[in-house]
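Asks: Residue 13 in numbering that gives the first Met the number 0 is what sits at position 14 of the sequence shown, and the numbering runs on without skipping anything. The structure's right below; bear with me while I get my questions together.
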Amino acid sequence: MEISGIMNLPFINAVAFDTEQGRYIFNEKEVGEILLHDDIKNKPVVIISVAGAFRKGKSFLLNFFVRFLTYVSLHGFTNTQEWLGDSEQPLSGFPWRGGSERETTGILLWAQPFVLKHANGDEIVVLLMDTQGAFDSTSSVKDCAIIFAISTMMSSTQIYNISGNLQEDYLAHLHVLFV
Numbered sequence: 000m001e002i003s004g005i006m007n008l009p010f011i012n013a014v015a016f017d018t019e020q021g022r023y024i025f026n027e028k029e030v031g032e033i034l035l036h037d038d039i040k041n042k043p044v045v046i047i048s049v050a051g052a053f054r055k056g057k058s059f060l061l062n063f064f065v066r067f068l069t070y071v072s073l074h075g076f077t078n079t080q081e082w083l084g085d086s087e088q089p090l091s092g093f094p095w096r097g098g099s100e101r102e103t104t105g106i107l108l109w110a111q112p113f114v115l116k117h118a119n120g121d122e123i124v125v126l127l128m129d130t131q132g133a134f135d136s137t138s139s140v141k142d143c144a145i146i147f148a149i150s151t152m153m154s155s156t157q158i159y160n161i162s163g164n165l166q167e168d169y170l171a172h173l174h175v176l177f178v
């Protein structure tokens with residue numbers, strides 16, 4: 000399903016920082032265009048969000064979700080790994096890049112909903128949400144806490160992405176976000 004009129008990009012800025020006003024702004028118009036589209040407005044919606052420290056692969060992970068959900072929405076759930084596609088095919092979707100500078104700012108929402116069949120036969124809508132990484136060199140602890148709180152409130156499921164093994168400093172980061 001394609002929602003026209005939003006953007007040529009596959010995602011929208013659901014929440015962005017307004018530097019003039021010094022606050023985060025919810026993009027009600029474009030989020031509303033997605034959620035109130037005739038094909039999905041009366042269906043249950045699941046929003047999956049990925050949060051965590053910056054430069055740890057949140058957008059990269061979500062792009063695998065995009066690939067998987069695209070496959071499932073076209074072919075249904077199968078026990079194959081065909082959804083992975085050609086290993087030579089570049090991973091696309093949410094913007095990401097290598098390096099030490101952040102890529103995602105604010106909260107991005109995948110603009111094309113995935114309509115899937117639930118096990119009970121009902122259709123459900125799945126949306127993916129990417130968040131600005133926490134604890135980068137330009138964001139305050141308050142900014143990180145706000146983004147984390149908003150994404151937690153907006154999502155049905157929040158994934159806290161870490162790279163490698165769970166370490167005590169990751170738990171300290173979560174503690175800082177909640178205090």
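Even glycine gets a Cβ: it sits at the ideal position worked out from N, Cα and C. Quantities reported herein were computed from a predicted structural model and do not represent experimental measurements.
1) What does the alpha-carbon distance come out to for the pair Gln185 and Lys141?
2) Taking one C-beta from the stretch 23 to 36 and one from the stretch 52 to 66 each time, how about it: are there three or more such pairs within less than 8 angstroms?
3) Quick test of your reading: Val125 and Val45, contact by CB under 8 angstroms. State the CB separation rounded to the nearest angstrom.
4) Using the Cα positions of Thr137 and Gln80, report the straight-line distance between them to the nearest angstrom.
5) How close, in whole Å, do the beta carbons of Ser48 and Ile146 come, if the pair is a contact with beta carbons under 8 angstroms?
6) Run through DSSP, which three-state label would Asp142 get?
7) Looking at Ala13 and Ile106, is the spacing between their C-beta atoms short of 8 angstroms?
Replies: Let me spell this out:
1) Because the chain is modelled from 0 through 178, residue 185 falls outside the range shown and cannot be assessed.
2) no
3) 5 angstroms
4) 39 angstroms
5) About 10 angstroms; that fails the 8 angstroms criterion.
6) helix
7) yes
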